[in-house]
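Here's the structure, in structure tokens; my notes come after.
Chains as they are written, first to last, in our numbering: chain V, 1 to 236; chain G, 237 to 444.
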């Protein structure tokens, strides 16, 4: 015959306090939890109603009732604006330069006809130790156009090129001329910035220039022969 | 009889209230598009690039003359504070804990270039953008891996819980702002930092 453990458990004094507390304790504890949850919810709701919640506040862009009643007017206005923007959109042949990714793309309307790896500005800063002048070597951003096309260009070294090398700035103009460093062709985009060739082709794809856009020989020749003067260049 | 009448009645009850609501929705969409286009007509007329922070369709694009130069998707976003309207804005401030800086590189010695060039990979992935109209945008990179992702999610929850208190304080001080957080892929966050320089104009499209 098996022994029954139940009588021993029944005689244990431990469950007695809980039994003493009884149903009242359970009710009180539940009530406290419910109270805390409700208070939390009420506070959150109160905060939201005060305008803290973005989605609960009134839309600032809600149209006035008069506009709501005339959707055809809005439609006509929108169509007109879309036409205006479409007229501004680049058409024909144009260039886009991504200075971050060091990529130049040749576009013909909406079609990309060629993608070229280039080198853009390094973002470096050079200060003239003798004077208060300083240069930031960034490629300019925005819209420009091909203003000049030069075969066998000569680089006229600006002051910074001498300061960077620790050389004295020459007084004669002829002492600034340097042949061959810009490659076979150069396409000017204004303010002394060019799309030109490079001797350092292994650095194409990296930001190493003083602001100009360096291009490999074959791609540069293609651009020189394909892109006419006044072609728009969008740099970003 | 009852079998055919009841579904028909139910359909009428369900459809009737949605018809005016839909037309109001259309009107609001038209109005928002109207505001966006009005802002874009002005910006596209200039030779400068401009950005479009579209929190309704969750993407950010850089444009020029109405043409999209690039577009990045927003992985996650949150907004608190003063309600925003569709319209023009601009970048007034760009803060990062570590602002990238660069020395002059020596291109004749390419091995020395890595720490001397300022390139896309050097751009921060966590930064703040102050937009005109008291809009504070916090950009965070999308975490990868289980634990970093959970930590990020906890951070977002903490932001959602604590931000109302900030908004309430601002309301009491009569200086209300709108806080936006954007989680982007790290490379998209860097690309955006590269592109959105101080003074750049743009269009803000808040969620509906």
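For each residue, glycine too, the CB sits at the ideal point set by N, CA and C.
| Query | Result |
| --- | --- |
| Compare the beta carbon distance of residue 229/V and residue 302/G with 9 Å and say whether it is the shorter of the two. | no |
| Per DSSP, residue 331/G is paired with what? | 364/G |
| If you follow the alpha helix (DSSP H) that residue 422/G is part of, which residue opens it and which one closes it? | 422-431 |
| Should residue 332/G be flagged as near chain V, meaning a C-beta pair shorter than 9 Å? | no |
| Are the CB atoms of residue 311/V and residue 133/V nearer to each other than 9 Å? | Look at the range of chain V in this structure, 1 to 236, and you will see that residue 311/V is not part of it. |
| Can you pull out the residues from the segment 147-159 of chain V whose beta carbon lies closer than 7 Å to at least one beta carbon of chain G? | none |
| Would you check if the segment 166-174 of chain V and the segment 206-215 of chain V touch, i.e. whether three or more CB-CB distances between them fall below 8 Å? | no |
| Per the DSSP calculation, residue 406/G is bridged to which residue(s)? | Residue 406/G is not bridged to any residue. |
| One question on the structure: do residue 299/G and residue 436/G come within less than 9 Å of each other, judged by their Cβ atoms? | no |
| Return the residues of the segment 68-85 of chain V that lie within a Cβ-Cβ distance of less than 7 Å from chain G, sorted by chain order. | 68, 71, 74, 75, 77, 78, 81, 82, 84, 85 |
| With which residues is residue 181/G paired in a DSSP beta bridge? | Lying before the first or after the last residue shown, residue 181/G is absent from chain G, which here runs from 237 to 444. |
| Within 9 Å of any Cβ in chain G, is that where the Cβ of residue 201/V sits? | no |
| Could you tell me whether the segment 390-404 of chain G touches the segment 351-366 of chain G, where touching means 3 or more Cβ pairs closer than 8 Å? | no |
| Near residue 128/V, what residues of its chain come up, given a Cβ to Cβ distance below 6 Å and the 5 sequence neighbours on each side ignored? | 163 |
| Excluding the 5 residues preceding and the 5 following residue 203/V in the sequence, name in chain order all residues of the same chain whose CB lies nearer than 7 Å to its CB. | 119 |
| So residue 414/G and residue 317/G are supposed to be a Cβ contact under 8 Å. How far apart are they, rounded? | 4 Å |
| On the CB-based measure, 16 or more other CB atoms within 10 Å of its CB, does residue 107/V come out buried or exposed? | buried |
| Give me the residue from 214/V, 90/V, 126/V with the minimum Cα distance to residue 110/V. | 90/V |
| On a Cα-Cα basis, can you pick out the residue from 365/G, 276/G, 274/G that is closest to residue 328/G? | 365/G |
| Quick check: what's the CA-CA separation for residue 159/V versus residue 409/G? | 53 Å |
| With residue 179/V as the anchor, note down where its beta strand (DSSP E) starts and where it stops. | 177-179 |
| Sorted by chain position, which residues of the same chain lie with C-beta nearer than 7 Å to residue 58/V's C-beta, five sequence neighbours on each side aside? | Note on residue 58/V: pLDDT 48, under 50, position unreliable in the model; no value is reported. |
| Are any of the Cβ atoms in chain G nearer than 9 Å to that of residue 197/V? | no |
| From 126/V, 227/V, 97/V, 180/V, pick the residue whose C-alpha is nearest to that of residue 212/V; which is it? | 97/V |
| How many whole angstroms separate the CB atoms of residue 181/V and residue 95/V, which I take to be in contact at a CB cut-off of 8 Å? | Not really, about 22 Å apart at Cβ, beyond 8 Å. |
| Quick check on DSSP: helix, strand or coil for residue 58/V? | Low local confidence applies: a pLDDT of 48 at residue 58/V is under 50, so the model's placement there is unreliable, and no value is given. |
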